[in-house]
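Asks: Before I ask anything, here is the structure I am working with.
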Amino acid sequence: MSSVARILMILAVTAIVIQQVANAQDDNKYGSTRASKRLMKELQRFYESDSFKNGVFSVELVDDNIYEMEVKVLIIDADSPLYIGLQKLKEHGGKDHLKLRVSYKDDYPISPPSVRVVYPIFQTPPVSPTGFICMELLSPQGWSSAYTLEPLLIQIAATLSQVRVDPSADIEQYSPSEEDKLNYTKFLERHPGW
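So the sequence shown is residues -24 to -1, 1 to 170, counted in mature numbering (1 follows the signal peptide of the UniProt record, and there is no 0).
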């Protein structure tokens, strides 16, 4: 990506977030002003990071919402089970990257984000049958407000690189229903450590 394209992307994200911060001051629909400002700074730093510049990760806002991000992990250790599984899926028309959905609450950075795998489907934990990632890092006890987007993604990518892809899933992706999401929320309420 050229430097002009990077600058335009940063300006576009900044304009969107400024609007969301202004809206957050009027009502809580878009989250808190503090969380919006923090996420804006993190996203800006991410676009300036080596991880972004070297094509390790890509991050896009979902529906121009700073609280919902779609992340692609594009460079994966070639010796890892994840890489091997993705290459097999690619041979059958699948994608050769890991796709995540990161969702933030309006009390971020006090509470951790929720991270869900969109693609591919994994055989084993820490990925739930609906795609949600269960890691201590993403639990209230394991979370630190010092974490920012880039280190969070690096840690998740490192953990998931050791997990096997479900070869029978071929090119499918997780698509949790609203009921699945509600059940996951109830699970989190019953198990506050996650």
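Ideal placement from N, C-alpha and C gives every residue a C-beta, glycine not left out.
Give the DSSP-derived three-state secondary structure of S34 in the structure shown.
Replies: The sequence position of residue 34 within the sequence shown is 58, counting from 1. Strand.
Asks: Would the region 57 to 65 and the region 79 to 86 be scored as touching if the rule is three or more Cβ pairs under 8 Å?
Replies: The way I'd put it, the region 57 to 65 doesn't touch the region 79 to 86; fewer than three beta-carbon pairs between them come closer than 8 Å.
Asks: Counting pairs of Cβ atoms below 8 Å between the region 112 to 119 and the region 21 to 36, do you hit three or more?
Replies: no
Asks: On the three-state DSSP scale, how would you describe N4?
Replies: For the purposes of this step, residue 4 is identified with residue 28 of the sequence shown, where counting begins at 1. With a pLDDT of only 47 at N4, under 50, the local geometry of the prediction cannot be trusted, and no value is derived from it.
Asks: On a CA-only basis, which of P101, S104, Y95, I109 is nearest K66? Give me that one, please.
Replies: Your numbering for residue 66 matches position 90 in the sequence shown. Measuring from the Cα of K66, the nearest candidate turns out to be Y95.
Asks: Count the other C-beta atoms from every protein chain shown that fall within 10 angstroms of the C-beta of V38, then say buried if there are 16 or more, exposed otherwise.
Replies: The sequence position of residue 38 within the sequence shown is 62, counting from 1. The residue in question, V38, is exposed, as its Cβ has fewer than 16 Cβ neighbours within 10 Å.
Asks: Could you pull out every residue in the same chain whose Cβ sits closer than 7 Å to the Cβ of S79, ignoring the five residues on either side in sequence?
Replies: Numbered from 1 along the sequence shown, position 103 holds the residue referred to as residue 79. Cβ within range, chain order: Y43, E44, P89, S90.
Asks: Can you tell me the Cα-Cα spacing of D53 and S(-22), whole angstroms?
Replies: Locating residue 53 in the sequence shown gives position 77, counting from the first residue. Locating residue -22 in the sequence shown gives position 3, counting from the first residue. Looking at the two C-alpha atoms, the distance is approximately 27 Å.
Asks: Quick one: using the 10 Å Cβ neighbour count with 16 as the cut-off for buried, is S120 buried or exposed?
Replies: Numbered from 1 along the sequence shown, position 144 holds the residue referred to as residue 120. It is exposed - the Cβ of S120 has fewer than 16 other Cβ atoms within 10 Å.
Asks: Helix, strand or coil for A(-20)? Go by DSSP, reduced to three states.
Replies: Walking along the sequence shown from the start, residue -20 turns up at place 5. DSSP places A(-20) in helix when its eight states are reduced to three.
Asks: Count the other CB atoms within 10 Å of the CB of E126; is the residue buried (16 or more) or exposed (fewer)?
Replies: Counted from its first residue, the sequence shown places residue 126 at position 150. Under this definition E126 is a buried residue.
Asks: Using the Cβ count rule (16 or more neighbours within 10 Å means buried), how would you classify E24?
Replies: Position 48 of the sequence shown, counting from 1, holds the residue named residue 24. When all chains shown are included, E24 counts as exposed.
Asks: Kindly indicate which three-state DSSP category residue 240 falls into: helix, strand or coil?
Replies: This structure does not reach residue 240, given that the chain is present from -24 up to 170, and the question cannot be answered.
Asks: Can you tell me the Cβ-Cβ gap for T106 and R140, rounded? I've got them flagged as a contact below 8 Å.
Replies: Against the sequence shown, residue 106 aligns to sequence position 130. Against the sequence shown, residue 140 aligns to sequence position 164. Contact doesn't hold; Cβ gap of about 18 Å is too wide.
Asks: Please say whether S56 and Q138 have beta carbons closer to each other than 8 Å?
Replies: Stepping through the sequence shown from its first residue, residue 138 is reached at position 162. Stepping through the sequence shown from its first residue, residue 56 is reached at position 80. Cβ atoms of Q138 and S56: closer than 8 Å.
Asks: For the beta strand (DSSP E) that contains R92, what are its first and last residues?
Replies: Here residue 92 refers to the residue found at position 116 when the sequence shown is read from its first residue. 90 to 95 is the extent of the beta strand (DSSP E) around R92.
Asks: On the three-state DSSP scale, how would you describe S79?
Replies: Your numbering for residue 79 matches position 103 in the sequence shown. S79: strand per DSSP, three-state reduction.
Asks: Helix, strand or coil for Y43? Go by DSSP, reduced to three states.
Replies: As a first step, residue 43 must be located in the sequence shown, where it is residue number 67. Reduced to three states, the DSSP call for Y43 is strand.
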